[in-house]
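Colleague: My questions will all concern the structure given below.
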Amino acid sequence: MAAILKLLAVCVFLSCFISQGYTQCELSNIQIKQNGTYEIHDISVYSVSIYNDCSCSQHDVYFDMTGFRSTGGLNPDILTEDGLVNKGRLLPKDEESALKFEYAWHNMFMFKPVKSEVTCSKDRKLVL
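Reminder that position 78 of the sequence shown reads as 77 in numbering that gives the first Met the number 0, one-by-one numbering, no gaps.
Right, dumping it as structure tokens:
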């Protein structure tokens with residue numbers, strides 16, 4: 000009987016822990032959607048949107064920018080040349096409020112998140 004009560008208590012504790020948003024986010028929760036929108040002088044213009052689909056917040060996100068090229072500059076408020084996204088601030092949590100930018104080059108660049116910090120509450124942070 001005592002073992003059953005202990006097991007029940009553990010289950011209740013874990014369900015409270017998970018329901019408060021203590022789920023671990025991964026870099027794969029950072030959604031990057033892009034498509035070719037139009038062409039200028041045989042160079043494609045790509046539209047990119049970035050958001051976080053995890054229940055926890057992600058910030059201080061970095062992308063691997065190795066090999067990235069564009070005929071125009073990047074908006075450093077959204078993405079810097081060293082890969083910092085949104086000046087390190089929280090990523091938007093849905094596609095409607097996603098960060099958006101365009102770049103122009105001959106090929107689509109595959110943006111890849113390489114680092115982020117996850118915050119599920121004021122006291123809990125994870126570094127990915």
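The beta carbon of each residue, even a glycine, is placed where N, CA and C say it ideally should be.
It should be emphasised that the depicted structure is a prediction, and the values quoted were computed from it without experimental measurement.
#1: Below 8 Å on the Cβ atoms is my guess for residue 107 versus residue 57; work out the distance and round it to an integer in Å.
#2: Suppose you measure from the CA of residue 104 to the CA of residue 77; what does that come to, to the nearest Å?
#3: State the DSSP-derived secondary structure class of residue 26, mapped to helix, strand or coil.
#4: Here's the rule I'm using: 16 or more other beta-carbon atoms within 10 Å means buried, otherwise exposed. How should residue 115 be labelled?
#5: What would DSSP say about residue 4, mapped onto helix, strand or coil?
#6: For residue 116, which three-state DSSP category applies?
#7: Skipping 5 residues on each side, what residues in its chain have a beta carbon closer than 6 Å to that of residue 82?
#8: Apart from the five residues on each side of it in sequence, which residues of its chain come closer than 6 Å, Cβ to Cβ, to residue 37?
#9: Runs of 3 residues minimum, wholly inside the stretch 23–76: which ones carry the beta strand (DSSP E) assignment?
#10: Would you kindly work out how many angstroms separate the C-alpha atoms of residue 91 and residue 66, rounded to a whole number?
#11: Report, in whole angstroms, the separation of the C-beta atoms of residue 30 and residue 52, which I expect to be a contact under 8 Å.
#12: Which residue's Cα is closest to the Cα of residue 55: 95, 28, 96?
#13: Quick one, which of 89, 84, 101 has its alpha-carbon nearest residue 111's?
Modeller: Result, derived from the coordinates:
#1: At roughly 23 Å, the Cβ-Cβ gap does not stay under 8 Å, so residue 107 and residue 57 are not in contact.
#2: 18 Å
#3: helix
#4: buried
#5: Residue confidence is low: residue 4 scores 47 on pLDDT, short of 50, so the model does not pin down where it sits. Its coordinate-derived value is still stated next. Shown here, residue 4 sits in a helix according to DSSP, grouped into three states.
#6: strand
#7: 61, 62, 64
#8: So the list reads 44, once near-sequence residues are dropped.
#9: Counting only runs of 3 or more, we get 29–39, 42–51, 56–63.
#10: 26 Å
#11: 5 Å
#12: 28
#13: 84
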